[in-house]
Amino acid sequence: DAKTTQPTSMDCAEGRAANLPCNHSTISGNEYVYWYRQIHSQGPQYIIHGLKNNETNEMASLIITEDRKSSTLILPHATLRDTAVYYCIGYNAGNMLTFGGGTRLMVKP
Amino acid sequence: AAGVIQSPRHLIKEKRETATLKCYPIPRHDTVYWYQQGPGQDPQFLISFYEKMQSDKGSIPDRFSAQQFSDYHSELNMSSLELGDSALYFCASSLIVLAGGNEQFFGPGTRLTVL
Numbered sequence: 005d006a007k008t009t010q011p012t013s014m015d016c017a018e019g020r021a022a023n024l025p026c027n028h029s030t031i032s033g034n035e036y037v038y039w040y041r042q043i044h045s046q047g048p049q050y051i052i053h054g055l056k057n058n059e060t061n062e063m064a065s066l067i068i069t070e071d072r073k074s075s076t077l078i079l080p081h082a083t084l085r086d087t088a089v090y091y092c093i094g095y096n097a098g099n100m101l102t103f104g105g106g107t108r109l110m111v112k113p
Numbered sequence: 007a008a009g010v011i012q013s014p015r016h017l018i019k020e021k022r023e024t025a026t027l028k029c030y031p032i033p034r035h036d037t038v039y040w041y042q043q044g045p046g047q048d049p050q051f052l053i054s055f056y057e058k059m060q061s062d063k064g065s066i067p068d069r070f071s072a073q074q075f076s077d078y079h080s081e082l083n084m085s086s087l088e089l090g091d092s093a094l095y096f097c098a099s100s101l102i103v104l105a106g107g108n109e110q111f112f113g114p115g116t117r118l119t120v121l
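Sequences listed follow chains A and B, in order.
For the first sequence, this note's numbering begins at 5 and goes up steadily by one.
For the second sequence, this note's numbering begins at 7 and goes up steadily by one.
Laid out in structure tokens, this is it:
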């Protein structure tokens, strides 16, 4: 699995967009970029994933650079309930998820 | 929509006792994963099953064993419990398809406390 690097922590004002970066320069051609988040002591929650193209769903948008070495998760209008640890993971179907580090996002009023 | 069910939600055991955690995957999901999350740590993969066969193994102690049954539910059996086994144990399930969409859905976890 690709090693990913994320900022340890970030703050965001409520109602503003939260942009969470991730570096995954060693990602292989068939690995997807997956994003999960974990709200305190709850089970990790799937957010979004992509391979090459940018993706959007009801929760977030995922922007992947053309060389696939980095990506950005965008929460368009952050709320207090978005306060969580966000994990960027390089993943192949059926394999284990390797949670490492992650970004602790604090949304402030 | 149905989610992953784990039982019990909380469990308190003494050292050297045994514990059994249960996981009921989302209907029609064919793969189950177990993760352990110690205090202040990230979730760590333990073991997974695809179609009732062990498919991958992580940092699971020899004192632990797991299986997936014919109805696809899974059980994690833990023996000779140690204080260090105190953790949150998450089960996740997924449906393996050929292209994309293989996200793992997590249950609420079982909090195991070993005294």
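A virtual CB, placed ideally from N, CA and C, is assigned to each residue, including glycine.
Predicted model, so just to flag it, every value in this text is computed and none were measured.
8 Å Cβ cutoff, residue i in contact with chain B
i, result
"N99 (chain A)", "yes"
"G47 (chain A)", "yes"
"G104 (chain A)", "yes"
Beta-carbon neighbours of residue i, restricted to chain B and to distances below 7 Å
i, result
"H53 (chain A)", "E109"
Residue range of the unbroken beta strand (DSSP E) whose run includes residue i
i, result
"D62 (chain B)", "M59 to K63"
"A22 (chain A)", "A22 to N27"
"I52 (chain A)", "Q49 to G54"
"F55 (chain B)", "Q50 to Y56"
"G94 (chain A)", "A88 to Y95"
"A17 (chain A)", "S13 to A17"
"H79 (chain B)", "From DSSP, H79 (chain B) is part of no beta strand (DSSP E); its letter is neither H nor E."
"T107 (chain A)", "T107 to K112"
Closer than 9 Å at the beta carbon, the chain B residues around residue i
i, result
"Y90 (chain A)", "Ordered by position in chain B, no residue passes the 9 Å Cβ test against Y90 (chain A), which lies about 12 Å from the chain."
Cutoff 8 Å: residue i Cβ touching any chain A Cβ
i, result
"S61 (chain B)", "yes"
"G46 (chain B)", "no"
"I102 (chain B)", "yes"
"Y95 (chain B)", "no"
"F75 (chain B)", "no"
"P67 (chain B)", "no"
"G64 (chain B)", "yes"
"G115 (chain B)", "yes"
Residue i: contacting residues in chain A (beta-carbon distance under 7 Å)
i, result
"Y56 (chain B)", "G98"
"P14 (chain B)", "The contacting residues do not exist; P14 (chain B) stays about 15 Å from chain A at best."
"F70 (chain B)", "The premise fails here: F70 (chain B) is roughly 15 Å from chain A at the closest Cβ pair, so nothing lies under 7 Å."
Where residue i sits in the DSSP three-state scheme
i, result
"L127 (chain B)", "In the structure as shown, chain B starts at 7 and stops at 121, and residue 127 (chain B) therefore has no counterpart that could be examined."
"L27 (chain B)", "strand"
"L94 (chain B)", "strand"
"L79 (chain A)", "strand"
"L121 (chain B)", "coil"
"L84 (chain A)", "helix"
"I102 (chain B)", "coil"
"K19 (chain B)", "strand"
"T8 (chain A)", "coil"
Proximity of residue i and residue j at Cβ, strictly below 8 Å
i, j, result
"G44 (chain B)", "A7 (chain B)", "no"
"Q12 (chain B)", "V38 (chain B)", "no"
"T26 (chain B)", "E109 (chain B)", "no"
"S99 (chain B)", "P31 (chain B)", "yes"
"N27 (chain A)", "T9 (chain A)", "yes"
"Y50 (chain A)", "Y40 (chain A)", "yes"
"G113 (chain B)", "G98 (chain A)", "no"
"L109 (chain A)", "M14 (chain A)", "yes"
beta-carbon residue i near the ligand MG non-hydrogen atom, thresh 7 Å
i, result
"T60 (chain A)", "With respect to the ligand MG, the structure offers nothing, as it holds no ligand at all."
Contact set between residue i and chain A, taken where Cβ atoms lie within less than 9 Å
i, result
"T119 (chain B)", "The premise fails here: T119 (chain B) is roughly 13 Å from chain A at the closest Cβ pair, so nothing lies under 9 Å."
"Y39 (chain B)", "M100 and L101"
Proximal chain A residues relative to residue i, where beta-carbon distance stays under 8 Å
i, result
"P33 (chain B)", "Simply none; closest approach about 17 Å."
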